[in-house]
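Protein sequences, first through last, are from chains G and B.
Under the working numbering, the first residue of the first sequence carries the number 1, and numbering increases by one thereafter.
Under the working numbering, the first residue of the second sequence carries the number 293, and numbering increases by one thereafter.
All C-beta atoms in this analysis are idealised placements derived from N, C-alpha and C, irrespective of residue type, glycine included.
For reference, the structure is listed below as structure tokens.
Number of protein chains: 2
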Amino acid sequence: MQSDQKSRQRPTDLKKEQVMHDLLLRRLCQYVDLSSIEMTAIAKLVSGRPRHVAARCRLLQEGDALGSIFYLLNGWICAYKLLEDGRCQNLLFFLPGDLWGFSAPLNSRTAYALRTVKDAIVIDIPRDGFLEVIARHPGLTEAFRWSGLVTDEISRERVLSLGQRTAKERCAHMICEIFWRLRAVGEVDGTSMYFPCTQEEIGNTIGVSTVHANRMLQDLRAEKLICQHQQKLEILDLEGLQRLAYFDSDFLHLRSLDPPPAELRSFGKPLGLGPSRFSESDRADARRTVNA
Amino acid sequence: MQSDQKSRQRPTDLKKEQVMHDLLLRRLCQYVDLSSIEMTAIAKLVSGRPRHVAARCRLLQEGDALGSIFYLLNGWICAYKLLEDGRCQNLLFFLPGDLWGFSAPLNSRTAYALRTVKDAIVIDIPRDGFLEVIARHPGLTEAFRWSGLVTDEISRERVLSLGQRTAKERCAHMICEIFWRLRAVGEVDGTSMYFPCTQEEIGNTIGVSTVHANRMLQDLRAEKLICQHQQKLEILDLEGLQRLAYFDSDFLHLRSLDPPPAELRSFGKPLGLGPSRFSESDRADARRTVNA
DNA sequence: CGCAAGTTTGAATAGCCTCAAATCCGGTGG
DNA sequence: CCACCGGATTTGAGGCTATTCAAACTTGCG
């Protein structure tokens, strides 16, 4: 493993091999009940050597042949498309526990590029072996079918957003979507989450300019719906945020919405933000922003 | 069959049973080479009794359980999503030869509603039987996997459109997309096609108001890129239209771009527009609009 | 002929963009 | 410790794009 010595603040280190597949299992169990045999099979599949990828690194380019499947352990990865004149549209964020590349036909090529948003940890999985194992287990087949469906639903919901929702609604909707997705794999801390997107990235996602994304975020903060500090985002009023965005979590097909078991709450805590850094001062900061 | 007597102008009548699967076969053969056994299997699947559906009829509602798969023989069907306050976003048009409902997991529900745009002819296919047949034939499995991929790609391209393209570009892009899709199944006549969308529908598709959709279409006509008459749309300058829209047909994964065989050119010619109605006067009309 | 649906037009307004500059922040080097 | 640098965020002003509302017009159809 590539862990360095000063690992206290580096949650990207993998403490036990066991945790590597916890995120994925938790995701898949949202969709179907897996047998222990199937769980073991998954655990084996994702037991490869984790690979660190730096922030803002392109993993794949539009038109590339499909390589191996990858399993995202930590960090965010962004799928995006470009227009010839440079305009960039983000399609989808891959979050910890997400798997990429299992549903495309053989011999097809990616229709979009992939780039890390922040430092990420990825495990590469050989495509053939993966597909073969999945095909042997009906539960896994079904689980990944659902997983693919959710990706499609996110895409359709994004079409609805971009076509009909206002910029502020889109902004709120995006935050809700990511919150629920992270929550489903236990990657939130109560109502706050690691949110490493720049405002440019948010703009590219919701289809507005960076400047306007900034103003929409300011509005959401002014309305006490969210508050931000560094790369952490806290949802102050989830109900209000969802009402504003016309957000309904159904499209994510989440089943178990219970808080994750305590022993898993600490895993995957993102990049160097200790628990002490998000309390008093943040609130103060939020208030300051409101009054400005 | 439900054909009435005055059938001269009613292309919705089915002349021979044979043609019913031609569209579908042509679509699938875009993706893979099918064996004659597979072609026969498909022909059998879609040999059910055609059902006429009136214009603007809702076939399915958001949240409905999956019923049978349907095969669209004639007309357009539109998938759309609603916001609670009534805003409506069109996601995708199903065109003649398209099949709906083969890729969702069992027990899932539709995340969008379906409604006919114009009178349509549909064949219902029992889901279980269909999936079983497909699964037995590797070529068909592969073909439908590609077909599903194309749907996804259209969705992603729409995200790109709504997020980054201007209204005029989106309008042009939508026209190009439908032209290529219709052309792939032989449903175009040179550079003109049946285009039964109202401007409201176009607006709901490209994410602008009806009024603005109208103005964008006027622009395209003024620039001599398209010309419209009744429900027929002729592309006067495909190159120009595509350049304007940053359109690249790759995302549709079309393979055989040759003109379809002559004997099939006349089938499925849409609703009551004789060939004589689209010549002189239309050009004059287009010019008039430009000068206004 | 008259109705209903669809298209077109105009004017006022709201939403969003561009450009440009200022500020904030974390990290780096002195 | 401070100065500085670069990336990210914030602010302001002006302009373009798209919306809304309302009315007129066109067209297909009974």
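Legend entry - Paired residues, beta bridge with Q381 of chain B - DSSP: For Q381 of chain B, the beta-bridge partners assigned by DSSP are B:K373.
Legend entry - Listed by chain order, chain G residues near A403 of chain B by CB distance under 9 Å: Below the 9 Å Cβ cutoff, chain G contributes L149, D152, E153, R156, E157, D250 and F251 as neighbours of A403 of chain B, in chain order.
Legend entry - Counted within 10 angstroms of its Cβ, other Cβ atoms place L536 of chain B as buried (16 or more) or exposed: That one is buried.
Inset, instruction - Can you tell me the Cβ-Cβ gap for M193 of chain G and L233 of chain G, rounded? I've got them flagged as a contact below 8 Å. - result: Rounded, the Cβ-Cβ distance is 6 Å, consistent with contact.
Legend entry - Other residues of its chain near G148 of chain G: CB distance less than 8 Å, five sequence neighbours each side excluded: Cβ within range, chain order: F102 and S103.
Inset, instruction - Kindly indicate if chain B contains any beta-carbon less than 8 Å away from that of Y314 of chain G. - result: This structure leaves residue 314 of chain G out entirely; chain G is present only between 1 and 292.
Inset, instruction - Scan the region 494-537 of chain B and note each continuous alpha helix (DSSP H) run of 4 residues or more that stays entirely inside, going in chain order. - result: The qualifying runs are 502-514 and 530-537.
Legend entry - Integer Cβ distance of L315 of chain B from P388 of chain B, believed to fall under 8 Å: Yes, L315 of chain B and P388 of chain B are in contact; Cβ-Cβ is about 5 Å, under 8 Å.
Inset, instruction - Assign V324 of chain B to one of three DSSP states: helix, strand, or coil. - result: Assigned with DSSP and collapsed to three states, V324 of chain B falls in coil, not helix or strand.
Inset, instruction - List the residues of chain G that W438 of chain B touches, going by C-beta distances under 8 Å, in chain order. - result: Result: P105 and S108.
Legend entry - Where K81 of chain G meets chain B, residues with beta-carbon distance less than 7 Å: Using a Cβ-Cβ cut-off of 7 Å, K81 of chain G is close to R448 and L452 of chain B, given in chain order.
Inset, instruction - Check each candidate in B:A403, B:F436, B:G499 and B:Q520 and name the one with the smallest Cα separation from K460 of chain B. - result: The option with the nearest alpha carbon to K460 of chain B is B:G499.
Legend entry - Residue-level contact to chain G via CB, Y538 of chain B, 8 Å cutoff: Taking Cβ atoms only, chain G reaches closer than 8 Å to Y538 of chain B, which makes this a yes.
Inset, instruction - Would you please verify whether the beta carbon of G455 of chain B is less than 8 Å from any beta carbon of chain G? - result: Yes, G455 of chain B counts as interfacial toward chain G.
Inset, instruction - Please list, in chain order, all residues of the same chain as Y246 of chain G whose beta carbon is under 8 Å from its beta carbon, the five residues on each side excluded. - result: R165, E169 and H173, listed in sequence order.
Inset, instruction - Please check the pair T402 of chain B and G367 of chain B, which I expect to be a contact at CB under 8 Å, by giving their CB distance rounded to whole angstroms. - result: Their Cβ separation, rounded to whole angstroms, is 19 Å, which puts T402 of chain B and G367 of chain B out of contact at 8 Å.
Legend entry - Residues sharing a beta bridge with R115 of chain G, DSSP: Paired residue(s): G:R58 and G:C78.
Legend entry - Amino acids of chain B, ordered along the chain, whose beta-carbon sits closer than 7 Å to that of L91 of chain G: Neighbourhood of L91 of chain G in chain B, by CB distance below 7 Å: R448 and V451, in chain order.
Inset, instruction - Assign E263 of chain G to buried or exposed, taking buried as 16 or more other Cβ atoms, counted over all protein chains shown, within 10 Å of its Cβ. - result: In this prediction, E263 of chain G scores a pLDDT of 40, lower than 50, which makes its location untrustworthy; no coordinate-derived value is stated.
Legend entry - Under 7 Å by beta carbon: chain B residues contacting E84 of chain G: By Cβ distance, chain B contributes Y538.
Inset, instruction - Using the DSSP secondary-structure output, state which residues sit across from H344 of chain B in a beta bridge. - result: Looking at the DSSP output, H344 of chain B shares a beta bridge with B:I413.
Inset, instruction - Could you check the C-alpha separation between S161 of chain G and I329 of chain B for me, to the nearest Å? - result: The C-alpha of I329 of chain B is placed about 44 Å away from the C-alpha of S161 of chain G.
Legend entry - Terminal residues of the beta strand (DSSP E) in which S147 of chain G lies: Not the beta strand (DSSP E): S147 of chain G falls in the alpha helix (DSSP H), residues P138 to Q164.
Inset, instruction - Identify the continuous alpha helix (DSSP H) that holds M174 of chain G and give its terminal residues. - result: Note, M174 of chain G: alpha helix (DSSP H), A167 to A184.
Inset, instruction - Taking only beta-carbon positions, decide if G431 of chain B is within less than 8 Å of chain G. - result: Put simply, the CB of G431 of chain B is far from chain G, with every gap to its CB atoms at 8 Å or more.
Legend entry - Selection from G:V53, G:Y80, G:T210 and G:E239 that minimises the alpha carbon distance to E445 of chain B: Closest in alpha carbon position to E445 of chain B, among G:V53, G:Y80, G:T210 and G:E239, is G:Y80.
Inset, instruction - Give the single residue among G:Y71, G:P50, G:R49 and G:E62 whose Cα lies nearest to the Cα of L25 of chain G. - result: For L25 of chain G, the nearest C-alpha among the options comes from G:Y71.
Legend entry - Residue closest to L220 of chain G, alpha-carbon to alpha-carbon, out of G:R51, G:H253, G:S35 and G:C176: Closest option to L220 of chain G, Cα to Cα, is G:C176.
Legend entry - Buried versus exposed call for P196 of chain G [16 or more other C-beta atoms within 10 Å across all chains shown]: Under this definition P196 of chain G is a buried residue.
Legend entry - DSSP-derived helix/strand/coil call for D189 of chain G: If DSSP states are grouped into helix, strand and coil, D189 of chain G belongs with the strands.
Legend entry - Simplified DSSP state of F130 of chain G, which is helix, strand or coil: The three-state reading of DSSP puts F130 of chain G in helix, counting H, G and I together.
Inset, instruction - Under 6 Å Cβ to Cβ from E492 of chain B, same chain only, skipping five residues before and after it: list those, please. - result: Excluding positions up to five away in sequence, the list reads T502.
Inset, instruction - Spell out whether any CB of chain G is found under 8 Å from the CB atom of R379 of chain B. - result: With 8 Å as the cut-off, R379 of chain B counts as an interface residue toward chain G.
Inset, instruction - Using a Cβ cut-off of 8 Å (strictly closer), state whether T116 of chain G contacts chain B. - result: Judged by the 8 Å Cβ criterion, T116 of chain G is not in contact with chain B.
Legend entry - CB contact check: G48 of chain G to chain B, cutoff 8 Å: Not an interface residue.
Legend entry - Beta bridge counterpart(s) of F362 of chain B as assigned by DSSP: Paired residues: B:W392 and B:D416.
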